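J.: Which chain is which? The protein sequence lines are A and B, in order.
Just so you know, we're using the numbering used here here: the first sequence kicks off at 2 and counts up by one.
Just so you know, we're using the numbering used here here: the second sequence kicks off at 2 and counts up by one.
There are 2 protein chains.
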Amino acid sequence: MKENPFNQTIEFKNKPKIIGNYSVAGPKEGKGHFGKFFHYVMKSDNFGEATYEKAEKKMMEKVLKGAINSAGLKPENINLFLAGDLLNQIISSSYAARSFDIPYLGLFGACSTMAESLALGACIIDGKFFENVACATVSHFSTAERQFRYPLELGNQRPPTSQWTVTASGCSILSLNGSGPVITKATFGKVTDYGITDVNNMGAAMAPSTMSTMIAHFKDTGTKPDDFDLIITGDLGKIGSEILIDLMEDKGFKLGVNYCDCGQMIYKSEQNPLMGGSGCGCSASLINSYFMEKLKKNKVKKILYLATGALLSTTAIQQGETVPGITHAVLIESGK
Amino acid sequence: MKENPFNQTIEFKNKPKIIGNYSVAGPKEGKGHFGKFFHYVMKSDNFGEATYEKAEKKMMEKVLKGAINSAGLKPENINLFLAGDLLNQIISSSYAARSFDIPYLGLFGACSTMAESLALGACIIDGKFFENVACATVSHFSTAERQFRYPLELGNQRPPTSQWTVTASGCSILSLNGSGPVITKATFGKVTDYGITDVNNMGAAMAPSTMSTMIAHFKDTGTKPDDFDLIITGDLGKIGSEILIDLMEDKGFKLGVNYCDCGQMIYKSEQNPLMGGSGCGCSASLINSYFMEKLKKNKVKKILYLATGALLSTTAIQQGETVPGITHAVLIESGK
Chain A
2 MKENPFNQTI EFKNKPKIIG NYSVAGPKEG KGHFGKFFHY VMKSDNFGEA TYEKAEKKMM
62 EKVLKGAINS AGLKPENINL FLAGDLLNQI ISSSYAARSF DIPYLGLFGA CSTMAESLAL
122 GACIIDGKFF ENVACATVSH FSTAERQFRY PLELGNQRPP TSQWTVTASG CSILSLNGSG
182 PVITKATFGK VTDYGITDVN NMGAAMAPST MSTMIAHFKD TGTKPDDFDL IITGDLGKIG
242 SEILIDLMED KGFKLGVNYC DCGQMIYKSE QNPLMGGSGC GCSASLINSY FMEKLKKNKV
302 KKILYLATGA LLSTTAIQQG ETVPGITHAV LIESGK
Chain B
2 MKENPFNQTI EFKNKPKIIG NYSVAGPKEG KGHFGKFFHY VMKSDNFGEA TYEKAEKKMM
62 EKVLKGAINS AGLKPENINL FLAGDLLNQI ISSSYAARSF DIPYLGLFGA CSTMAESLAL
122 GACIIDGKFF ENVACATVSH FSTAERQFRY PLELGNQRPP TSQWTVTASG CSILSLNGSG
182 PVITKATFGK VTDYGITDVN NMGAAMAPST MSTMIAHFKD TGTKPDDFDL IITGDLGKIG
242 SEILIDLMED KGFKLGVNYC DCGQMIYKSE QNPLMGGSGC GCSASLINSY FMEKLKKNKV
302 KKILYLATGA LLSTTAIQQG ETVPGITHAV LIESGK
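Here's what the structure looks like:
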């Protein structure tokens with residue numbers, strides 16, 4: 002890989018703060034390891050709506066409202082809503098944005114979207130372009146299965162390498178005012194492709210991009226894995242995390258006990274999640290609940306959060322394309 | 002509509018410059034009004050590729066290379082590539098980004114994407130986060146028809162209100178170094194929905210959002226339509242432009258001869274484009290060719306460019322949803 006002479010990392014000198022956050026999770030996720038940390042657990046997958054797509058949109062509306070509320074603000078105080086999701090034309094985000102009188106920018110980074118929105122939001126706040134921005138993403142098991150794989154009604158068997166798309170959503174409010182954990186750096190990732198063609202093995206497709214972004218962050222900032230209380234990847238799952246650990250070791254970086262993957266942690270083993278969770282709501286919901294609480298209470302001081310995306314499209318795969326990955330990183334500090 | 006107490010407009014104090022640009026157009030577009038202004042006109046719709054999707058990706062690669070070249074730079078000088086397109090999971094942008102060793106952020110704003118990428122790119126440059134960023138988008142008639150409407154092989158009749166998705170792409174390189182037209186302001190739009198359900202009448206779906214963003218820009222900056230040499234909308238087409246003119250007149254703003262719409266202008270009437278062109282490549286290709294030349298030669302000094310998007314998804318429409326619109330605006334000045 003050719004070296005970019007400029008680094009990939011931004012340092013935010015004005016220290017944008019996460020002044021509010023909220024998470025919503027589905028019933029299965031509510032029964033997982035982090036059930037008690039989510040702000041809201043849905044009683045049913047359809048969230049009282051006629052379709053799963055409408056349920057997903059409602060989840061996005063709920064996290065945005067919840068995060069604004071938790072920041073002690075009102076919707077009219079939010080200058081910009083940066084959001085994306087996995088559905089074609091990111092309808093969950095766009096239709097949710099329609100319910101609010103807030104300017105909106107749609108993003109697509111597959112499961113890397115939460116870090117993409119936080120990084121761009123931090124640029125907007127750090128550059129003092131706007132006062133308060135909201136950053137969010139959502140995913141839903143049933144809409145993702147229908148769109149990317151098979152309708153649930155078919156009852157297809159799941160291959161052993163597959164991950165379970167997490168039904169969850171997370172939102173953060175960024176501002177220079179107020180108090181909260183601080184986004185201090187962001188590293189933007191490159192599209193990386195090691196030639197994986199199996200859409201049921203997304204961890205393997207994403208891990209090389211995670212290695213690329215993580216090493217870029219270490220090199221740009223002169224850090225090493227031990228310098229962080231936690232290094233959290235989005236949703237590589239069991240296989241993907243193991244591949245990442247191997248890839249990093251080959252490059253001379255040993256990921257230790259401070260490394261964990263949201264996809265691997267979110268479900269209990271008796272929930273039969275195969276390789277673990279995936280979907281952009283997976284890490285978005287954990288970052289905006291359990292981990293944000295850890296930062297607020299200063300139980301951890303420095304989290305390097307790498308959201309990992311498989312840039313998957315059924316059309317591209319049908320045309321014989323491989324699955325590239327992308328990973329964006331944000332460094333979140335307790336600020337205390 | 003509730004008023005947001007903060008304005009929607011950013012002023013770029015460091016004046017990010019458009020130091021390079023490039024456009025690619027399809028054969029039909031090459032025979033239209035702007036044929037001689039495009040940097041490259043494709044000889045065939047498939048651009049030598051096996052599928053239209055691969056052709057679309059190749060167009061994106063070509064504009065990115067061309068724009069970098071026109072700025073006198075090399076790919077390794079570009080710190081960030083901000084791009085999106087109309088295809089599910091924006092595969093044209095993501096797979097094009099894979100061909101370059103440049104960090105990438107995927108965007109989705111439907112046909113508003115060129116303004117979204119320019120506005121975000123201008124924030125990144127103005128905030129001095131990076132040195133050079135590339136902003137681009139692409140659309141292709143044949144991939145859009147297949148995805149959003151019917152496969153071309155069916156030979157469906159086109160309703161009289163329909164627009165023709167433009168096969169074209171445009172890319173701009175932004176920097177504080179070098180010379181070129183300047184992005185001085187950006188106004189971020191809100192998702193606006195007047196209840197249109199006809200996916201073949203996108204101009205009507207988008208016009209209310211264009212009104213909303215245009216009025217926000219005028220109010221925020223204390224300007225009126227006469228203050229600009231040109232006010233250019235993306236792809237409202239004939240009906241949409243007429244609706245916009247009416248809506249603006251109702252609000253007390255008279256759009257005069259300095260107003261034009263890329264969708265309405267791009268084809269000649271003998272090309273039977275019905276209501277005109279659409280697709281994010283429509284305005285992206287004209288802004289990055291004909292209009293950029295006008296600015297560079299100082300023949301126009303101030304262009305308010307409003308890229309208009311219909312946030313359309315086949316799934317949402319099948320579930321009875323209406324088509325919301327979004328419009329983002331950037332003010333581009335000759336800087337002379």
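Quick reminder that beta carbons are idealized off the backbone N, C-alpha and C, glycines included.
This structure is a prediction, so every number in the text was calculated from the model and none was measured.
1. Anyone know if the C-beta pair for residue 96 of chain A and residue 322 of chain B falls short of 8 Å?
2. State the CB to CB distance for the pair residue 24 of chain B and residue 171 of chain B, rounded to an integer number of angstroms; the pair is presumed to be in contact (CB under 8 Å).
3. Between residue 160 of chain B and the rest of its own chain, which residues show a CB-CB distance below 6 Å, the 5 nearest in sequence each way excluded?
4. Residue 137 of chain A bridges to which residues according to DSSP?
5. I'd like the span of the beta strand (DSSP E) that includes residue 308 of chain B, first residue to last.
6. Are the stretch 313–327 of chain A and the stretch 117–133 of chain B touching, with three or more C-beta to C-beta distances below 8 Å?
7. Could you check what DSSP says for residue 157 of chain B in three-state terms: helix, strand or coil?
8. Just list the residues that DSSP pairs residue 22 of chain B with in beta bridges.
9. Determine the closest residue to residue 142 of chain A out of A:56, A:254, A:308 and A:16, with distance taken between C-alpha atoms.
10. Just to confirm before moving on: does the CB-CB distance between residue 304 of chain B and residue 230 of chain B stay below 8 Å?
11. Can you check the stretch 3–76 of chain B for any alpha helix (DSSP H) of at least 4 residues that lies completely inside it and give the ranges in chain order?
12. Does chain A have any CB closer than 8 Å to the CB of residue 55 of chain B?
13. Closer than 8 Å, Cβ to any Cβ of chain A: which residues of the stretch 131–163 of chain B, in chain order?
14. Within 10 angstroms of its Cβ, does residue 29 of chain A collect 16 or more other Cβ (buried), or is it exposed?
15. What residues of chain A sit near residue 104 of chain B, judged by a beta carbon separation below 7 Å?
16. When every heavy atom of the ligand MG is checked, does at least one fall within less than 7 Å of the C-beta of residue 221 of chain A?
17. Residue 108 of chain B: which of B:131, B:217, B:251 and B:139 sits nearest, CA to CA?
18. Find out if the Cβ-Cβ distance for the pair residue 292 of chain B, residue 233 of chain B is shorter than 8 Å.
19. Per the contact definition of three or more C-beta pairs closer than 8 Å, is the stretch 210–225 of chain B in contact with the stretch 242–255 of chain B?
20. Among the residues of its own chain, which have a CB less than 6 Å from the CB of residue 331 of chain B, if the five just before and after it don't count?
21. Closer than 9 Å by beta-carbon distance: list the chain A residues that pair up with residue 226 of chain B, in chain order.
22. Do residue 206 of chain B and residue 73 of chain B have their CB atoms nearer than 8 Å?
23. Measuring alpha carbon to alpha carbon, tell me which of B:13, B:298, B:302 and B:285 ends up nearest residue 309 of chain B.
24. Please report the straight-line C-alpha distance between residue 197 of chain B and residue 16 of chain A, rounded to a whole angstrom.
25. Between which two residues does the beta strand (DSSP E) containing residue 327 of chain B stretch?
26. Out of curiosity, what's the CA-to-CA distance linking residue 227 of chain B and residue 257 of chain B?
27. In chain order, what residues of the same chain have a beta carbon less than 8 Å from the beta carbon of residue 4 of chain B, not counting five sequence neighbours either side?
28. Quick one: does residue 121 of chain B have its CB under 8 Å from some CB of chain A?
29. Would you list the residues sitting across from residue 187 of chain A in a DSSP beta bridge?
30. Give me whichever residues DSSP pairs with residue 279 of chain A in a beta bridge.
31. Mapping the DSSP letters down to three states, classify residue 260 of chain A as helix, strand or coil.
32. Could you tell me which uninterrupted alpha helix (DSSP H) segments, each at least 4 residues in length, are contained entirely in the stretch 214–264 of chain B, listed from first to last along the chain?
33. Could you name the residues that DSSP lists as bridge partners for residue 196 of chain B?
34. Quick one: list the residues of chain B neighbouring residue 98 of chain A, beta-carbon separation under 7 Å, in chain order.
35. Confirm, please, whether the CB-CB distance from residue 283 of chain A to residue 169 of chain A is below 8 Å.
36. What residues from the stretch 304–325 of chain B come within 8 Å of chain C, judged by C-beta to C-beta, listed N to C?
T.: Taking the geometry as given:
1. yes
2. Yes, residue 24 of chain B and residue 171 of chain B are in contact; Cβ-Cβ is about 5 Å, under 8 Å.
3. 201
4. A:84 and A:172
5. 303–311
6. no
7. Note: residue 157 of chain B maps to coil in three-state DSSP.
8. B:173
9. A:56
10. yes
11. 28–31 and 53–71
12. yes
13. 131, 132 and 148
14. buried
15. Within chain A, the C-beta atoms nearer than 7 Å to that of residue 104 of chain B come from 9, 189, 190 and 191, in chain order.
16. The ligand MG is absent from the structure shown, which contains no ligand whatsoever.
17. The closest CA to that of residue 108 of chain B, considering only B:131, B:217, B:251 and B:139, is found on B:139.
18. With contacts defined by Cβ atoms closer than 8 Å, residue 292 of chain B and residue 233 of chain B form a contacting pair.
19. yes
20. 116, 119, 120, 184, 187 and 306
21. In chain order: nothing, as chain A lies at least about 21 Å away.
22. No, the pair does not count as a contact, with Cβ atoms beyond the cut-off.
23. B:285
24. 43 Å
25. Per DSSP, residue 327 of chain B belongs to the beta strand (DSSP E) from 326–334.
26. 8 Å
27. Because residue 4 of chain B carries a pLDDT of 41, less than 50, the predicted location of this residue cannot be relied on, and no value is offered for it.
28. For residue 121 of chain B, the answer is yes, since a Cβ of chain A falls inside 8 Å of its Cβ.
29. A:11 and A:331
30. A:166
31. strand
32. 238–251
33. According to DSSP, residue 196 of chain B bridges with nothing at all.
34. 192
35. Here residue 169 of chain A is near residue 283 of chain A, since their CB atoms are less than 8 Å apart.
36. You won't find chain C in this structure, because its protein chains are A and B.
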